[in-house]
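S.K.:
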Amino acid sequence: MREICWLLLLVPLLAACNAPRAGDPPKLSPAARLRLLEAQFPEGGQGADYLLVRSMVAASPDDAALQDRLALAAGQAGQPAEALAAQERAIALAGPSPERLLVRGRLALLAGQVPLAQHSFQSVLAADPAHVQAMTGLAVCHDMAGDPAQALTWHQAALQAAPTDWSVRVNYGMSRLLAAQPAEAARLLAAAERDPSAPRRARHNLALALAAQNNAVQAETVLSRDMAPPEARALVVAFTQWAAQQTAQRGQP
Numbered sequence: 042m043r044e045i046c047w048l049l050l051l052v053p054l055l056a057a058c059n060a061p062r063a064g065d066p067p068k069l070s071p072a073a074r075l076r077l078l079e080a081q082f083p084e085g086g087q088g089a090d091y092l093l094v095r096s097m098v099a100a101s102p103d104d105a106a107l108q109d110r111l112a113l114a115a116g117q118a119g120q121p122a123e124a125l126a127a128q129e130r131a132i133a134l135a136g137p138s139p140e141r142l143l144v145r146g147r148l149a150l151l152a153g154q155v156p157l158a159q160h161s162f163q164s165v166l167a168a169d170p171a172h173v174q175a176m177t178g179l180a181v182c183h184d185m186a187g188d189p190a191q192a193l194t195w196h197q198a199a200l201q202a203a204p205t206d207w208s209v210r211v212n213y214g215m216s217r218l219l220a221a222q223p224a225e226a227a228r229l230l231a232a233a234e235r236d237p238s239a240p241r242r243a244r245h246n247l248a249l250a251l252a253a254q255n256n257a258v259q260a261e262t263v264l265s266r267d268m269a270p271p272e273a274r275a276l277v278v279a280f281t282q283w284a285a286q287q288t289a290q291r292g293q294p
């Protein structure tokens, strides 16, 4: 049932991402943008210690380590603005380490501050040109800014640097999918069907790419690894409807 609730939120908002006409930058809905960002954060974080860390920071506001912890906890608790403010405070107190800049970039994306996120990731790459997480973060910045050519360049660079990193591959596949390239997205995510280390979201995105190619049977098979057959079937139906809406929008003048 949890998957169906997630579906009801995701599919209508993804449908709002009108496919761009030639020459137009893509316009992504907030939900589609968040979908692009999923791989930027570890799975399973629920921000359980959020209130505790807030109270600790209130007692010691000049403790940079506590500000770091608050940034993480607030981000996991769905408070990106507070998380970003805490990370900025940590940077002001203890300096812009690559780790802090990377976290600031992720949080700035979630807070809708793409230029700040881009600057953060670029600063990390200036110090470490091979930093994979900064590469994929910068790629997502370009996705969200409507610059697919630069986005693909950075996604590909990240994948070449870390070909087994599922977070990189999931972001790259979702970028291809939202750019109306479901076959390429499916190719990138195909191994998720067999790889036990692949995260659940990789199989969800693979199923979405398959549904967009009218391959409902294989999409249901992929989803059935994580849920009961009725839930998988319902999810495929909704994925197929979304794909049909995208196709219709691309056909509009």
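In case it helps, my numbering puts the sequence shown at residues 42 to 294.
All C-beta atoms in this analysis are idealised placements derived from N, C-alpha and C, irrespective of residue type, glycine included.
#1: Consult DSSP for P271 and reduce its assignment to one of helix, strand or coil.
#2: Who are the near neighbours of M97 in its chain, counting only those whose CB is closer than 6 Å to its CB and skipping five residues on each side?
#3: Run the CB neighbour count on Q159, radius 10 Å, all protein chains shown included, and call it buried at 16 or more, exposed below.
#4: Is the separation between the beta-carbon of R141 and that of G178 shorter than 8 Å?
#5: Which same chain residues, not among the five before or five after Q128, have their C-beta less than 8 Å away from its C-beta?
#6: At which residue ranges does the stretch 133 to 160 contain complete alpha helix (DSSP H) runs of 4 or more residues, listed in the order of the chain?
#7: Go ahead and label R235 buried or exposed: buried means 16 or more other beta carbons lie within 10 angstroms of its beta carbon, across all protein chains shown.
#8: Tell me which same chain residues have a C-beta within less than 6 Å of the C-beta of L151, skipping the five on either side of it?
#9: Which word fits G214, buried or exposed, when buried means at least 16 other C-beta atoms lie within 10 angstroms of its C-beta?
#10: Looking at the structure shown, is T177 part of a helix, part of a strand, or coil, going by DSSP?
#11: Among W207, A253, R244, A175, which has the Cα closest to the Cα of D267?
#12: Would you call N246 buried or exposed, if buried means 16 or more other Cβ atoms sit within 10 Å of its Cβ?
#13: Give the C-beta separation of A203 and V209 to the nearest angstrom, bearing in mind that I take them to be a contact with Cβ-Cβ under 8 Å.
#14: Can you round the beta-carbon distance between G116 and A124 to whole angstroms, since I take them to be within the 8 Å contact cut?
#15: Going by the CB atoms, is the gap between A250 and A232 shorter than 8 Å?
#16: Restricting to Cα atoms, I'd like to know which of Q254, A133, V181, A275 is closest to P156.
#17: Using the beta-carbon count (16 or more within 10 Å), is L92 buried or exposed?
#18: Determine the extent of the alpha helix (DSSP H) in which S216 is found, giving its start and end residues.
#19: Please work out which residues of its chain come closer than 6 Å, Cβ to Cβ, to A80, disregarding the five sequence neighbours upstream and downstream, and give them in chain order.
#20: By how many angstroms is the C-alpha of V165 removed from the C-alpha of A252?
#21: Contact check, A220 vs P189 under 8 Å by CB: the rounded distance?
#22: Could you tell me the boundaries of the alpha helix (DSSP H) in which G119 lies?
#23: Taking the alpha-carbon of L229 as reference, which of P237, S238, L218 has the nearest alpha-carbon?
#24: Given a cut-off of 8 Å, decide if A171 and P139 are closer than it, judged by their beta-carbon atoms.
M.R.: Judging by the given coordinates:
#1: Note: P271 maps to helix in three-state DSSP.
#2: L107, listed in sequence order.
#3: buried
#4: In this structure, R141 lies away from G178, with their beta-carbon atoms at least 8 Å apart.
#5: Q108, D109, A112, R141, V144, R145, L148.
#6: DSSP runs (the alpha helix (DSSP H)) wholly in the stretch 133 to 160: 139 to 151.
#7: exposed
#8: P121
#9: buried
#10: helix
#11: Checking every option, the nearest Cα to that of D267 belongs to R244.
#12: Within a 10 Å sphere around the beta-carbon of N246 sit 16 or more other beta-carbons, which makes this residue buried.
#13: 5 Å
#14: 4 Å
#15: no
#16: V181
#17: L92 comes out exposed.
#18: 207 to 219
#19: Confidence is the limiting factor: at A80 the pLDDT is only 49, short of 50, which leaves the residue's position unreliable and the question unanswerable from this model.
#20: 37 Å
#21: That belief holds up - the Cβ atoms of A220 and P189 are roughly 6 Å apart, short of 8 Å.
#22: Where G119 is concerned, there is no enclosing alpha helix (DSSP H), given that its DSSP letter is neither H nor E.
#23: A check of alpha carbon separations from L229 across P237, S238, L218 identifies L218 as the nearest.
#24: no
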